[in-house]
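For the sequence shown, counting from 1, position 4 maps to 37 in my numbering; every step adds exactly one.
To start, the structure under review is shown below, and the notes come after it.
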Amino acid sequence: MNARRILALVAAQLLIAGAAQATTVSTGALLRNGGQLACLVTNASPSPLTVDIRVMYEHGARAGGYSITLAPSETRYSSSTSATIDHCEFTFPGNPKRVRALVCSGPVGGPCTATAPAQ
34 MNARRILALV AAQLLIAGAA QATTVSTGAL LRNGGQLACL VTNASPSPLT
84 VDIRVMYEHG ARAGGYSITL APSETRYSSS TSATIDHCEF TFPGNPKRVR
134 ALVCSGPVGG PCTATAPAQ
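Laid out in structure tokens, this is it:
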């Protein structure tokens with residue numbers, strides 16, 4: 034095998050390995066003030082994207098959430114009214130620019146009164 038072919042095979046393997054890696058973005062902590070906390074994510078990519086939406090306890094354990102495949106521009110959320118919930122995490126394959134995500138808090142069933150973006 035010549036050196037050029039070996040380099041091409043190595044490059045192809047690196048591309049495949051990079052595409053399979055997961056990206057996780059997290060929000061900062063946000064107080065609920067007696068209401069609910071919601072984790073919202075929008076697929077900002079031009080193709081379907083599977084996202085794991087995680088509602089997180091203040092001590093770092095997962096409180097809830099689910100995985101879903103979002104169509105382009107589709108938004109979904111997961112929420113909780115637990116007093117010890119304080120932030121969100123979103124995991125998906127590829128570039129962090131593929132999603133727009135945030136945490137919001139507000140009264141149960143009401144509008145968001147505070148938000149924090151995922152980074």
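We put the beta carbon where it would ideally sit given N, CA and C, even for glycine.
In this text, all values refer to a predicted model and were calculated from it rather than measured experimentally.
Asked, Found
"Are the CB atoms of S112 and V132 nearer to each other than 9 Å?", "no"
"What are the residues that DSSP puts in a beta bridge with A55?", "P126"
"Is the distance from the Cβ of A151 to the Cβ of T60 below 9 Å?", "yes"
"Kindly indicate which residue of A94, I118, F125 and A116 has the alpha-carbon position closest to the one of A77.", "F125"
"Using only alpha-carbon positions, find the residue among C72, A71, I101 and G93 that is nearest to V20.", "This structure cannot settle anything about residue 20, because the visible part of the chain is limited to 34 through 152."
"With 16 as the cutoff for other CB atoms within 10 Å, does H120 come out buried or exposed?", "buried"
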